[in-house]
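Report on one structure; see the data block that follows.
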Amino acid sequence: MKSIFLFPIALATSLHAEDSVSNADLSRKLDLILGKVSGLETRVAELEKANSEVKKEMQVVQKTAEEAKTASQTIALPEDEDAKKSFMSKLRLQLKSEEAKAAGAWTKEETWIGMRRNLTGFKVRKLLGNPNQIKKSLNPRIDQIYHYEGDLNADGTNEVGEVSLFRDRVVSFSSPF
């Protein structure tokens, strides 16, 4: 019977006997928690800033996409037959010119400035790019002629540049400009 009375008393004393926590420990834990919270707040602020930048970029991309759509939709052929032919021929010439300009470095005047006599065929191809045609010459002082040809200014006439080689060295050249 004594054990029945002693058990509740022992239980009550053990429950009320918590470890006393000092103010210094509580303050340290609170500072730790506040430090973590402030770190999380800065991370959230950075993420929100990055998110807003991404949204701005998305708006710019959407705007340019819409402009591109409307620009492609606004191209209309003229109704008049003569105007339509003229438009199509100008478009054809422009496309050919763009194709010729993409053919290599020979389409730029600056590269022809670097051209000089006594360069090797390899250096010519490195400077100007591969020629459109390589022809053998009947002239005994010229072995090969590199032809660079294309419509560079969309006027319908081909501009021609030639490089004459003898024993794999440049002896003469003419610029298309």
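To convert, note that position 107 of the sequence shown is 214 in the working numbering; the numbers rise steadily by one, no gaps. Beta carbons are placed, not taken as given, at the ideal position from N, Cα and C, and that holds for glycine.
Under DSSP, F280 forms a beta bridge with V270.
At the C-beta level, F280 and S271 come within 9 Å of one another. Nearest to K197 by C-alpha distance, out of N130, R276, D262, S145, is D262. Looking at the backbone, the Cα of Q251 and that of F229 are separated by about 13 Å. Secondary structure at I252: strand, using DSSP grouped into helix, strand and coil.
In its chain, beyond the 5 residues on either side, Y253, V270, V277 have a beta carbon closer than 7 Å to the beta carbon of V231. DSSP, read as helix, strand or coil, puts G221 in coil. Where K242 is concerned, the enclosing beta strand (DSSP E) starts and stops at 240 to 243.
Secondary structure at G257: strand, using DSSP grouped into helix, strand and coil. Collapsing the DSSP output to three states places T171 in a helix.
Judged by DSSP secondary structure, G228 falls within the alpha helix (DSSP H) whose first and last residues are 228 to 235. At the C-beta level, G236 and K203 stay beyond 9 Å of one another.
By the C-beta density criterion, A175 is exposed, having fewer than 16 other C-beta atoms within 10 angstroms. The beta-carbon distance between A207 and L259, rounded to whole angstroms, is 6 Å. This is short enough to meet the 8 Å contact definition. In the displayed model, T214 falls within a helix according to three-state DSSP.
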